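One structure is given here, and the rest of the page talks about it.
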Amino acid sequence: MTFERNLDVANKLADHIEADVIIYKKDIFRDIFEEYQAIVAVFATGIVVREIAPLIVDKWEDPAIVVVDSNLNFAIPLLGGHHGANELVRKISEIGVVPVITTATEVHNRNSVEGIA
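Now the structure itself:
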């Protein structure tokens, strides 16, 4: 998902991870939140936090959310790190984007419960 001005960046990401590209419009997060297992947003983190906050239920139901800056510098698994976001960020890193993974198990080189299951 992206603003139209970042469509080239979104298309590059989508081609690499084989994903749909959705142009941002009002209420789009609400409209697609339950339709996708993962959402990659080419936005500032604050925008995404504000948009998804009222939609979050729990880590077992929510889609993985990844935020990527418009210069393709960093990819941040914002929601659902152990439910697909960390893996998606690693895939995105294959095109030179730095993954910013902060989940404790990865930081300490341990296996997560979800990863073992």
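Going by the numbering used here, the sequence shown opens with residue 4, and the numbers climb by one from there.
Where is the CB? At the ideal position from N, CA and C, for every residue including glycine.
Nothing here was measured: the structure is a model prediction, and the numbers come from that model.
Original post:
What's the C-alpha gap between W63 and H86?
Top reply: Cα-Cα distance, rounded: 8 Å.
Original post:
How many whole angstroms separate the CB atoms of V69 and L58, which I take to be in contact at a CB cut-off of 8 Å?
Top reply: For a cut-off of 8 Å, the C-beta gap from V69 to L58 is around 16 Å, too long to register as a contact.
Subject >> Candidates V43, R33 and I35: closest to E21 by CA position >> reply: That would be V43, whose Cα lies nearest to the Cα of E21.
**OP:** With DSSP as the reference, label L58 as helix, strand or coil.
**Re:** The DSSP-derived three-state label of L58 is helix.
Original post:
G84 to E90, Cα distance in whole Å?
Top reply: The straight-line gap from Cα to Cα measures roughly 8 Å.
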